[in-house]
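1 is the number of the first residue of the sequence shown in UniProt numbering; add one for each residue after it. Don't be surprised by glycine CBs; every beta carbon is placed ideally from N, CA and C. From a predicted model like this one, the values you see are computed outputs, not experimental measurements.
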Amino acid sequence: MKQCSYTGVSLGWAHRRIVGTQGQPMLPPSNGIRWGPGRAGLSVKAGGEGGITRWKLFSMAAAGGPFAAAMMWVLTGDDWARQAKLAYAVPERLSRDTFTSLVTMLDYVISLRGIPDGPEREKVLHECHLRGAKRLEALCFRNGGIYIKLGQHLGQLDYLLPEEYVKTMRQGMLNKCPLSSRDQVHNVFLAEFGRLPHELFAEFDYSPVASASLAQVHVGKTHDGQKVAVKVQHGHLTDTATADIATVTLVVKLVHFLMPSVNYGWLVDEVRESLPNELNFLHEAENSRRCRKNFEHQSPYLAPLVAIPTVLSGLSTSRVLTMEFMEGVPITDKDAIKKMGLNPADVARLLSKSFAEMIFHHGFVHCDPHGANVLVRRLPQAGRFWFPKWFARPQIVLLDHGLYRILDDSLRLNYASLWKALVFSDENAIREHSKALGAGEDLYRLFAGILTMRPWNHVIDTSIDHLKIPDTEEDKAQIQFYAAQYAMEVSTLLARLPRVLLLLLKTNDCLRATDNALGAPVNTFIIIARECTRALARAKREAEPGSLWLQCMVIMELMGVEVRIFALRFLAMLANVKLLPSFA
1 MKQCSYTGVS LGWAHRRIVG TQGQPMLPPS NGIRWGPGRA GLSVKAGGEG
51 GITRWKLFSM AAAGGPFAAA MMWVLTGDDW ARQAKLAYAV PERLSRDTFT
101 SLVTMLDYVI SLRGIPDGPE REKVLHECHL RGAKRLEALC FRNGGIYIKL
151 GQHLGQLDYL LPEEYVKTMR QGMLNKCPLS SRDQVHNVFL AEFGRLPHEL
201 FAEFDYSPVA SASLAQVHVG KTHDGQKVAV KVQHGHLTDT ATADIATVTL
251 VVKLVHFLMP SVNYGWLVDE VRESLPNELN FLHEAENSRR CRKNFEHQSP
301 YLAPLVAIPT VLSGLSTSRV LTMEFMEGVP ITDKDAIKKM GLNPADVARL
351 LSKSFAEMIF HHGFVHCDPH GANVLVRRLP QAGRFWFPKW FARPQIVLLD
401 HGLYRILDDS LRLNYASLWK ALVFSDENAI REHSKALGAG EDLYRLFAGI
451 LTMRPWNHVI DTSIDHLKIP DTEEDKAQIQ FYAAQYAMEV STLLARLPRV
501 LLLLLKTNDC LRATDNALGA PVNTFIIIAR ECTRALARAK REAEPGSLWL
551 QCMVIMELMG VEVRIFALRF LAMLANVKLL PSFA
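Put into structure tokens, the structure is as follows:
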């Protein structure tokens, strides 16, 4: 194969090193590469001589800067052993980050060079995406901790990232998290309690029943016989967290510098803001208590149906959390739910209603409701004699209370008003409340599309099912096409919105995915329509408690929503019995 020299670098050799197979003949540099329509993606600019100079300068800085800083930090610190270990780990991680980023970008530049738009380019692009996703997955697992948390975030960015990245991150980051060893668990207990697990508990199983990015869960039994779940933080996370965020920020800025259309700084900002609270398990314990109290006082009719494990304060610290053990199956396991004699549609309805209460009424929201953090079980019958044994009702168990957000009244009511406008296809109200939430005059339509995952013409459609969840390949391809076309605008919008709204978008996506997995995709918008209207009605009543005219208007609004909900359910029933084409 003929190779051409490009500022001293053999592109043929580089391509074989990056791809691992025989590369294509090298052609002169093009002006750029494009991730193509019909697939979520962004533009990637390939530089000329100046681009290679940037690689050299960055490589020199990456090699010398971290080493010098690390040596100064070790020599001036108090705990030499710990700081020496971190001084080795941080530059090593930065080197891995830099290498993975550069190799992946070069893979796209070299692999797609000279290939015109068409099926061949799409095939090569798909292979580049797969290789890049596998490299990113390997990097997250190798670095661990915060990187796995970032990988989990990426796995939830449907339609914003190429499908290959989303699927790889989702499958790997949620199900294959690394485990802490027995010795590492001992070290955490000794640091927190000065005692080993078997000294604190009557029984302690060192084989974890679950592992996540920041911690793993063990089953134990207290000396008074109570079965408990013990959440143990992975070692050194609190030490390396700040440095990890700094290195990831540096890489994200580098990628944005080289490819201006790629800007995920908002994602790093969100993790930076959330991480300190997630690493403090005492904060998580307080969140769980507050969430339970909100349901008991503000939503008492739902409180028995939403179980939250009680924390054992005497056996909990900032890095070890001991709570009552609760059985259940993942909420996305439709078959297991049916085996318990429960109706998946009832489960979907309960989940949607619970989170609608949190968002529109409590203003205190669990922002990580993926399948591993929400369990389902039959509602315990003890003390509920009015239900016959054969009458099974679902109860959801909320786990992992580390990530919550508080919604102030202004944001909460604007968000409720926006959803009401979306349900009723009110374009003027959509514009008004999108602007109030920070989307701006220029991007309010895009904001509405991201919230509903529907194109704008569907959002303002007045048909009864205009916000139906996309469930066909054609629907998904259309959304991916829009994501590719407006990738830069999406990045601009996400950087513009308040951080709390980004987590609400994440929560919205998690709930939508669960709704789909349970086969009841009409539930989410029905519940949202009802609860946002109730929240707004309550605010109006409290603002003018003596106005009879206002009370009548509020009642009319509530009745209008109920009529629309009834119509939607009626059409869904007809579709289920094949009297109408299925739209759910």
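Within 9 Å, strictly: CB atoms of residue i and residue j
i	j	result
Ala-241	Met-323	no
Ala-210	Gln-233	no
Lys-339	Ala-517	no
Asp-400	Ser-425	no
residue 585	Ile-527	No statement about residue 585 is possible, as the shown extent of the chain runs from 1 to 584 and does not include it.
Tyr-264	Ser-101	no
Ala-212	Arg-93	no
His-370	Ala-191	no
Ile-308	Leu-275	no
Gln-395	Pro-304	yes
Phe-257	Ser-354	no
Val-255	Val-268	no
Leu-237	Ile-146	yes
Val-561	Thr-533	yes
Ile-359	Arg-412	yes
Val-311	Ser-288	yes
Leu-196	His-186	yes
Gly-144	Asp-107	no
residue 587	Arg-272	Outside the modelled stretch of the chain, which goes from 1 to 584, sits residue 587, for which no answer is possible.
Val-397	Gly-328	yes
Beta-carbon contacts of residue i that lie in its chain and below 8 Å, excluding the five residues immediately before and after
i	result
Gly-225	Ala-202
Asp-205	His-218, Val-219 and Gly-220
Val-459	Leu-422, Ser-425, Ile-430, Arg-445, Ala-448, Gly-449, Thr-452, His-466 and Leu-467
Tyr-486	Leu-446
Gly-36	Note that Gly-36 scores a pLDDT of 39, beneath 50, so its modelled location is shaky; the value from the coordinates is reported in the next line. Around Gly-36: Asp-117, Arg-121, Glu-122, Leu-125 and Ala-484.
Phe-570	none
Beta-bridge partners of residue i, as assigned by DSSP
i	result
Leu-321	Lys-231
Ala-307	Val-397
Pro-330	Leu-375
Tyr-404	His-366
Pro-221	The residue asked about is misnamed: residue 221 is Lys in this sequence, not Pro. Paired residue(s): Glu-203 and Lys-227.
Gln-216	Ser-211 and Val-232
Supposed contact pair residue j and residue i - C-beta distance, whole angstroms, cut 8 Å
i	j	result
His-529	Val-423	Sequence inspection shows Ala at residue 529; the His mentioned does not correspond to that position. Between Val-423 and Ala-529 the Cβ distance is about 4 Å, and since that is below 8 Å, they are a contact.
Asn-277	Gly-402	6 Å
Glu-357	Glu-531	7 Å
Ala-416	Ala-535	5 Å
Leu-342	Val-376	7 Å
Arg-121	Leu-130	The pair is not a contact, with the Cβ atoms about 15 Å apart (cut-off 8 Å).
Pro-352	Leu-511	It should be pointed out that residue 352 corresponds to Ser in this sequence rather than to Pro. The Cβ separation is near 6 Å, so the contact holds.
Ile-331	Val-374	4 Å
Leu-437	Leu-501	6 Å
Gln-184	Gly-235	5 Å
Met-251	Thr-98	Checking the sequence shown, residue 251 turns out to be Val, not Met. The Cβ separation is near 7 Å, so the contact holds.
Arg-135	Arg-96	Wrong, their Cβ atoms sit about 10 Å apart, outside the cutoff.
Leu-550	Lys-540	6 Å
Lys-435	Glu-427	Not really, about 13 Å apart at Cβ, beyond 8 Å.
Gly-519	Pro-344	6 Å
Phe-325	Lys-227	4 Å
Own chain partners of residue i with C-beta closer than 6 Å, once the 5 adjacent residues on each side are dropped
i	result
Gly-172	Glu-137
Asn-280	Ser-318
Gly-151	Cys-140, Met-169 and Met-173
Short CB-CB distance (under 9 Å) between residue i and chain B
i	result
Ser-181	Among the chains in the structure shown there is no chain B, since it carries only a single protein chain.
Distance cut-off 8 Å: residue i Cβ against heavy atoms of the ligand PLP
i	result
Glu-270	No copy of the ligand PLP appears in this structure; indeed no ligand is present at all.
Nonlocal neighbours in the same chain, by C-beta distance under 7 Å from residue i, ignoring five residues either side
i	result
His-433	Asn-414, Ser-417, Leu-418 and Ala-421
Cys-367	Leu-403, Tyr-404, Arg-405, Leu-503, Lys-506 and Thr-507
Leu-179	Pro-208, Ser-211 and Gln-216
Glu-489	Leu-443 and Leu-446
Leu-157	Val-166
His-223	Ala-202
*Taking 8 Å as the threshold, find out whether the stretch 357-367 comes into contact with the stretch 399-416 through three or more Cβ pairs.*
yes
*Examine the Cβ distances between the stretch 479-499 and the stretch 164-177 and report whether three or more of them are shorter than 8 Å.*
no
*Report yes or no: do the stretch 447-454 and the stretch 548-559 share at least 3 C-beta pairs separated by less than 8 Å?*
no
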